[in-house]
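Residue numbers (this note's numbering), protein chains in the order written: chain S, 1 to 473; chain Z, 474 to 732.
As structure tokens, this is what we get:
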């Protein structure tokens, strides 16, 4: 087995050297003494580089591990245990391991050229939350091919669910279901976050279905326009919901938003018996527990996305994206199938929204502008529609740029060129340029699914053929 | 005549002022091969689209297996047992041949969203069985070892075969083929004609065929119906149609009489 690893590494290495003009034959033709000398110099240089560049053993170990994994990937992929292909899990599990450990080594990491330090933990939490949302949108846009420009409505719905059921918003009520960290004289609904997350998901999925029923009959551009409308309507309701329909019923507390929202936590029993944090707010590693929780949620979303993609429903979604008419003729009920994709996407968006609200301890209408819909759509497009890993990458990268990356880059630019640019100010311009460049040079996204890559280069076959009255039924 | 599997009564479709299909009464008996012919623009494909729920008739009824299907959505037609192919091939181009066939099985499978996420034993078993059945269908349609090819990478003839395999996956009682031999060379056409015969014999299917190639129509059909300007101008056995003067005038031309 070790021999096979070695063979794979050596083959890859000569491939690399061959590419820069030093194939194996030419190397073997050199005198032996010279070869030995060169090898010694190379190894010494690698060792010196590792120490001099980083000097931190953790980083060096991680870098070495990454290199080894990268070189051995082709070998791992064929690994099987009792006929099950476990090889494909190796790289995702390594990435997951690196992510879980991030709170321990993140601050030790060296500066990256131009981008500066590695992202802070609070940024990582936001990256994870946006990853969840992007994966949810990916079900709608990437799988079923329904362009949704109003995804922020689902995010808002989730956030307000957390606001309603874990704050003092409804002061006339008094209900406590497993909430942690309540103070004396509390009012309103206080449910445990672990109840609110699925509740928010389900409520948002229901909203998704309600929005979907009238809109999903439309095709292409028309659907995009209508979803755009809904994406504006829901945040407007949030903004003006302090006096709903003039009944002076305060649903959303208007522009002030709902705050504070209860912190997540597992309670004292779980703290004593399972060493889980009783209350995130008072935990010493506040951001780290949020990060791990978000990471766990992302894993659940990824798992569901993968299972769905390979199921009967997932095939029907892709068939609808490929050719709606043919899909209907093969017995795929268009409305029901599209509505499921909408509900699934909405569910993930709602969970992400509720989690974000409890992280920020507030749901504010200003968070739910149209830009966020476009922002999440950009993540899906940049990474590669339909591909889970691509979408995760796109979401993490753009969320990082939004929170930290751009200002770091700005500092670097100003420091090197003596300018006084406020780079984060041009954020959406820069995202626009990124999307234009991606669309010009790699329209299928950075890590595309094989299917979408074909579509982007050769188009899909889908001219509408229906009577409008039956099309959706 | 055996019991009617598919029946239309006074079926009519207007596009604005144009009457594409004009009050057509039409029957497909169970287990029969029926052809629909007519000059270009006679309304054959429009008629087809009404039989599969893609178009809603302006007036009249479509009955399948004694059930009124008028105005039902396409997937309901598929569910009751009408499978179809398209005149201009409409495969799911970027799905593999196997996946294309699996989509065809959609109405016959039950796995829902929650079962898919949990991957229950039932759905696991169902998926495995569906894959086996899909491979069988591909083999039956002459697409052995092509199951991992993307739809669009198949040759033209294979794409036609895959469309049939996909339609068969819906487990139809009636198969509607819209110009299945268009663009095929004589050898492929002959193969296809015998394949249609095999379909009826092995699977007990009724077949409704739109076709331009008279050798196919006359060779394989039990009955032929002729449409012209949306109206049914003749119906009968291939021999009767070949002798029918209105048909000759409208469509076949004098060559068919002498030839």
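The C-beta atom is built at its ideal place from N, Cα and C for all residues, glycine as well.
Computed from a predicted model, the values in this text were never measured in an experiment.
Fill in: Boundaries (first-last residue) of the alpha helix (DSSP H) holding residue 572 of chain Z
570 to 577
Item to complete: May I have the straight-line CA-CA distance separating residue 178 of chain S from residue 605 of chain Z, to the nearest angstrom?
Response: 49 Å
Fill in: Cross-chain neighbours of residue 308 of chain S in chain Z, by beta carbon under 8 Å
586, 589 and 590
Discussion item. For the segment 312 to 327 of chain S, list every residue whose C-beta sits within 8 Å of some C-beta in chain Z, in sequence order.
Written reply: 312, 313, 314, 315, 316, 318, 319, 322, 323, 325, 326 and 327
Item to complete: Count the other CB atoms, across all protein chains shown, that sit within 10 Å of the CB of residue 593 of chain Z; report buried if there are 16 or more and exposed otherwise.
Response: exposed
Worksheet item: If you draw a straight line from the C-alpha of residue 42 of chain S to the C-alpha of residue 435 of chain S, how long is it?
Response: 41 Å
Discussion item. With a threshold of 7 Å between beta carbons, is residue 331 of chain S in contact with chain Z?
Written reply: yes
Discussion item. Quick check: what's the CA-CA separation for residue 542 of chain Z versus residue 550 of chain Z?
Written reply: 7 Å
Practice prompt. List the endpoints of the continuous beta strand (DSSP E) containing residue 708 of chain Z.
Written response: 704 to 709
Fill in: Closer than 8 Å at the beta carbon, the chain S residues around residue 557 of chain Z
329
Discussion item. Extract the residue ranges of the alpha helix (DSSP H) inside the segment 361 to 427 of chain S, only unbroken runs of 4 or more that lie entirely within it.
Written reply: 370 to 383, 388 to 400 and 406 to 417
Discussion item. Using a 10 Å radius around the Cβ and a threshold of 16 neighbouring Cβ atoms, would you call residue 444 of chain S buried or exposed?
Written reply: buried
Discussion item. Within 10 Å of its beta-carbon, does residue 183 of chain S have 16 or more other beta-carbons around it, so buried, or fewer, so exposed?
Written reply: exposed
Practice prompt. Name, going along the chain, the residues of the segment 608 to 625 of chain Z whose beta-carbon falls closer than 8 Å to a beta-carbon of chain S.
Written response: 623 and 625
Worksheet item: Any chance the segment 372 to 380 of chain S sits against the segment 183 to 203 of chain S, with 3 or more Cβ pairs inside 8 Å?
Response: no
Item to complete: Label residue 174 of chain S either buried or exposed according to how many other C-beta atoms from any shown protein chain fall within 10 Å of its C-beta, with 16 as the threshold for buried.
Response: exposed
Worksheet item: Which residues in chain S sit within 8 Å of residue 639 of chain Z, going by Cβ to Cβ distance?
Response: 330
Practice prompt. Return the CA-CA distance between residue 707 of chain Z and residue 530 of chain Z, expressed in angstroms with no decimal places.
Written response: 22 Å
Worksheet entry | Cutoff 6 Å; reference residue 201 of chain S; Cβ partners in own chain excluding five residues on either side | 347, 350 and 351
Discussion item. Can you list, in chain order, the residues of its chain with a C-beta nearer than 7 Å to that of residue 131 of chain S? Leave out the 5 residues immediately preceding and following it.
Written reply: 298, 392, 395 and 396
Worksheet entry | Sheet register partners of residue 103 of chain S (DSSP bridge) | Beta-bridge pairing links residue 103 of chain S to no other residue.
Fill in: Where the beta strand (DSSP E) containing residue 648 of chain Z begins and where it ends
647 to 651
Worksheet item: If you compare alpha carbons, which of Z:693, Z:532, Z:597 and Z:685 is closest to residue 672 of chain Z?
Response: Z:693
Discussion item. Strictly below 9 Å CB to CB, what residues from chain Z border residue 344 of chain S?
Written reply: 586
Discussion item. Counting only Cβ pairs nearer than 9 Å, list the residues of chain Z close to residue 340 of chain S.
Written reply: 585 and 586
Discussion item. So if DSSP puts residue 531 of chain Z in a beta bridge, which residue, or which two residues, is it bridged to?
Written reply: Answer is none; residue 531 of chain Z lacks a bridge partner.
Worksheet item: In terms of residues, what are the limits of the beta strand (DSSP E) holding residue 499 of chain Z?
Response: 491 to 502
Fill in: Contiguous alpha helix (DSSP H) assignments of at least 4 residues, all confined to the segment 650 to 703 of chain Z
659 to 676 and 687 to 693
Fill in: Bridge-paired residues (DSSP) for residue 477 of chain Z
Z:502
Discussion item. I'd like to know whether the C-beta of residue 499 of chain Z is nearer than 7 Å to at least one C-beta of chain S.
Written reply: no
Discussion item. Given this structure, state the Cα-to-Cα distance separating residue 438 of chain S from residue 665 of chain Z, to the nearest angstrom.
Written reply: 46 Å
Discussion item. Within the continuous beta strand (DSSP E) that includes residue 631 of chain Z, where are the two ends?
Written reply: That residue, residue 631 of chain Z, is in no beta strand (DSSP E); its alpha helix (DSSP H) goes 629 to 642.
Discussion item. Distance check for residue 720 of chain Z and residue 340 of chain S, CA to CA, integer angstroms please.
Written reply: 50 Å
Item to complete: Note down, in chain order, every chain Z residue with its Cβ under 8 Å from the Cβ of residue 304 of chain S.
Response: 590
Worksheet item: Quick one: what's got a C-beta closer than 7 Å to residue 490 of chain Z's C-beta in the same chain, skipping five residues either side?
Response: none
Worksheet item: Are any of the Cβ atoms in chain S nearer than 7 Å to that of residue 653 of chain Z?
Response: no
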